[in-house]
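Asks:
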């Protein structure tokens with residue numbers, strides 16, 4: 037551990053000119069070094085958590101792939117359907133905790149974190165009920181949108197066996213945010229790692245040994261998510277690290293639900309609008325000439341982008357945690373420094389990942405297909421994907437800034453305009469009317485990212501951080517009054 041810390045210290049002392057420009061030449065470099073260290077120890081486990089928890093669904097689909105092309109297609113469609121109609125919405129709603137818990141932790145009002153988490157759990161479990169009903173009718177919905185009936189049938193049963201996972205996922209997202217906002221993410225990483233390792237064994241047994249087939253893969257997802265919830269719950273319950281933030285169940289968690297949803301609903305919209313546009317990209321590719329080639333290529337590009345996206349997702353979580361903590365502590369200068377540092381980090385990350393993508397552009401297709409046309413098409417798409425990945429890193433970090441400050445409504449409006457007033461219409465124009473095909477569709481999304489990044493950058497640049505610190509103080513103070521009212525009513 038000490039050697040790793042020394043290594044980080046050495047890396048911090050050699051800041052690139054570009055990073056120095058972002059951080060600011062007149063900044064106290066000692067403060068910068070301390071901030072980089074904090075963000076490194078926070079972001080590294082968060083990136084690992086994002087990759088590990090995302091991999092559960094990927095591993096299940098990979099096992100189903102050994103059963104044949106039909107089950108593979110069904111599992112892939114069911115996974116996308118579950119993400120669009122369930123997981124994405126719950127993940128977004130839980131993001132409200134990044135504002136509430138993060139600012140309360142910074143203000144040292146530790147007891148509120150447990151109340152906020154319980155409130156979020158209650159809300160997300162209630163929301164999971166109608167979402168699970170939607171999953172029950174997956175086959176009917178897929179047939180209605182003209183999917184192949186045999187694929188829809190298997191996808192429907194796959195989604196039904198995943199229904200228990202949506203309730204576990206709701207609790208898991210709350211536990212993740214509860215610990216993340218306390219800068220206590222290593223236990224989340226460990227629990228996710230244990231769950232992922234056991235998930236591989238579970239898939240092997242349920243898919244290949246019990247005869248459950250594709251249903252076993254879906255059931256394995258449900259079991260693994262619940263296992264992760266149990267592991268993290270035990271940690272929160274018995275660890276001394278959570279003794280101040282978790283004080284047991286409270287009836288207070290069932291009050292002030294509308295106040296939570298004022299942040300929760302815009303948070304969900306903010307996340308859903310972006311991720312839905314990428315899923316729409318693949319669906320639209322099926323309407324292009326030579327749909328098999330277009331869909332296969334865009335699916336490969338999308339899966340590659342989603343995997344790389346987990347890195348800036350971790351950085352975005354780091355940004356929201358650091359900024360919400362500093363604002364809650366009444367330290368606007370610290371929040372501003374955190375923004376500058378995380379932007380410098382994401383510049384370096386974007387350049388590195390873009391260089392790697394361009395370096396393997398002619399080889400990447402072989403990992404997914406043996407069709408020369410697909411491999412060639414993927415190679416031609418990689419420069420566009422690399423540009424999108426670079427911009428996506430910026431938007432993840434700036435969206436994290438928005439969550440840390442409580443700007444979810446602003447973020448939702450920015451995403452609506454960027455993707456559905458600019459990106460998707462432009463993609464349709466380029467892809468269908470100008471006959472650029474899949475390249476045109478992806479260029480539309482890249483343009484949306486440009487608009488999104490520019491909008492969020494302007495908002496961040498003109499931010500009055502002293503005023504944001506006052507807003508955080510008011511938000512924490514308002515919730516403190518809620519506690520006093522609850523205590524008075526009990527007396």
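Residue numbers (this note's numbering): 37 to 527. Just so you know, even glycine gets a beta-carbon here, dropped at the ideal spot from N, CA and C.
For residue 446 and residue 241, I'd like the C-alpha separation in whole angstroms.
Replies: Roughly 47 Å between the two C-alpha positions.
Asks: Is residue 168 helix, strand or coil by DSSP?
Replies: Looking at residue 168 - three-state DSSP - the assignment turns out to be helix.
Asks: Keeping to the same chain, check which residues put their C-beta closer than 6 Å to that of residue 197; ignore five residues upstream and five downstream.
Replies: Closer than 6 Å at the Cβ level, and outside the excluded window around residue 197, lie 251, 254 and 255.
Asks: In three-state terms, what does DSSP make of residue 326?
Replies: Looking at residue 326 - three-state DSSP - the assignment turns out to be coil, as it is neither helix nor strand.
Asks: By a C-beta neighbour count over all protein chains shown, 10 Å radius and 16 as the cutoff for buried, is residue 406 buried or exposed?
Replies: Exposed.
Asks: Could you say if the segment 152-165 and the segment 369-377 meet the contact criterion of at least three C-beta pairs nearer than 8 Å?
Replies: Flag = no, the segment 152-165 and the segment 369-377 do not touch.
Asks: Cβ of residue 334 within 8 Å of Cβ of residue 323?
Replies: No, they are not a contact pair.
Asks: Can you give me the C-alpha to C-alpha distance between residue 50 and residue 121, rounded to a whole angstrom?
Replies: Bear in mind that the predicted position of residue 50 carries a pLDDT of just 48, short of 50, making it unreliable; the figure below should be weighed with that in mind. C-alpha separation (whole angstroms): 45 Å.
Asks: Under 8 Å between the Cβ atoms of residue 355 and residue 307?
Replies: Result no, Cβ atoms of residue 355 and residue 307 do not sit closer than 8 Å.
Asks: Between 283, 372, 398 and 309, which lies nearest to residue 413 when the distance is taken from Cα to Cα?
Replies: Closest option to residue 413, Cα to Cα, is 398.
Asks: Would you kindly work out how many angstroms separate the C-alpha atoms of residue 133 and residue 469, rounded to a whole number?
Replies: Cα-Cα distance, rounded: 43 Å.
Asks: Check the C-beta distance from residue 531 over to residue 130 and give it rounded, since I have them as a contact under 8 Å.
Replies: Outside the shown range of the chain, which is 37 to 527, sits residue 531, and nothing can be said about it.
Asks: Evaluate contact between the segment 342-362 and the segment 70-84, counting only Cβ atoms and requiring at least three cross-stretch pairs below 8 Å.
Replies: Segments in contact, yes.
Asks: Quick one, are the C-beta atoms of residue 444 and residue 492 less than 8 Å apart?
Replies: Contact: no.
Asks: What is the residue span of the alpha helix (DSSP H) that residue 288 lies within?
Replies: Premise fails: residue 288 is in no alpha helix (DSSP H) and is neither H nor E.
Asks: Using 8 Å as the limit for Cβ to Cβ distance, is residue 441 near chain D?
Replies: No chain D appears in the structure shown, which is made up of a single protein chain.
Asks: State the DSSP-derived secondary structure class of residue 163, mapped to helix, strand or coil.
Replies: Helix.
Asks: When the Cα atoms are used, what is the spatial distance from residue 452 to residue 371?
Replies: When rounded, the distance between both Cα atoms is 27 Å.
Asks: Inspect the beta-carbon positions of residue 403 and residue 309 and report whether they are closer than 8 Å.
Replies: For residue 403 and residue 309, no; Cβs fall outside 8 Å.
Asks: Could you tell me the distance, in whole angstroms, from the CA atom of residue 401 to the CA atom of residue 393?
Replies: Each residue's alpha carbon lies about 11 Å from the other.
Asks: From which residue to which residue does the alpha helix (DSSP H) around residue 188 run?
Replies: Note, residue 188: alpha helix (DSSP H), 185-197.
Asks: Roughly how many whole angstroms lie between the Cα atoms of residue 59 and residue 332?
Replies: The predicted position of residue 59 is uncertain, since its pLDDT is 49 and thus under 50; a value taken from the coordinates is nonetheless stated next. Rounded to whole angstroms, residue 59 to residue 332 spans 41 Å at the Cα level.
Asks: Where residue 228 and residue 286 are concerned, what is the direct C-alpha to C-alpha distance, given to the nearest angstrom?
Replies: Spanning the two alpha carbons is a distance of roughly 27 Å.
Asks: From 90, 467 and 499, pick the residue whose C-alpha is nearest to that of residue 264; which is it?
Replies: The candidate whose alpha carbon is nearest that of residue 264 is 90.
Asks: If we ignore side chains and look at the alpha-carbon of each, how far apart do residue 213 and residue 173 end up?
Replies: If I take the Cα positions, the gap works out to 31 Å.
Asks: Closest to residue 311 by CA distance: which of 290, 389 and 339 is it?
Replies: Among 290, 389 and 339, the Cα nearest to that of residue 311 belongs to 339.
Asks: State yes or no: is the C-beta of residue 217 within less than 8 Å of the C-beta of residue 360?
Replies: Yes.
Asks: Tell me whether residue 236 counts as near the ligand SAM, meaning its Cβ is closer than 7 Å to at least one heavy atom of that ligand.
Replies: The model on display carries no ligand, and the ligand SAM is accordingly not part of it.
Asks: Are there 16 or more other CB atoms within 10 angstroms of the CB of residue 148, so buried, or fewer, so exposed?
Replies: Label assigned to residue 148: buried.
Asks: Tell me the residue span of the alpha helix (DSSP H) that contains residue 478.
Replies: Per DSSP, residue 478 belongs to the alpha helix (DSSP H) from 473-497.
Asks: Quick one: what's got a C-beta closer than 7 Å to residue 450's C-beta in the same chain, skipping five residues either side?
Replies: Cβ neighbours of residue 450 beyond the five flanking positions: 488, 491 and 492.
Asks: Does DSSP put residue 252 in a helix, a strand or coil?
Replies: Correct three-state label for residue 252: helix.
Asks: Tell me which residue opens and which closes the alpha helix (DSSP H) that residue 388 is part of.
Replies: Taken as a continuous stretch (DSSP letters only), the alpha helix (DSSP H) holding residue 388 covers 368-395.
Asks: Between which two residues does the alpha helix (DSSP H) carrying residue 428 extend?
Replies: Unbroken alpha helix (DSSP H) run through residue 428: 408-441.
Asks: Please state if the CB of residue 485 and the CB of residue 424 are separated by a distance shorter than 8 Å.
Replies: The answer is yes: Cβ separation under 8 Å.
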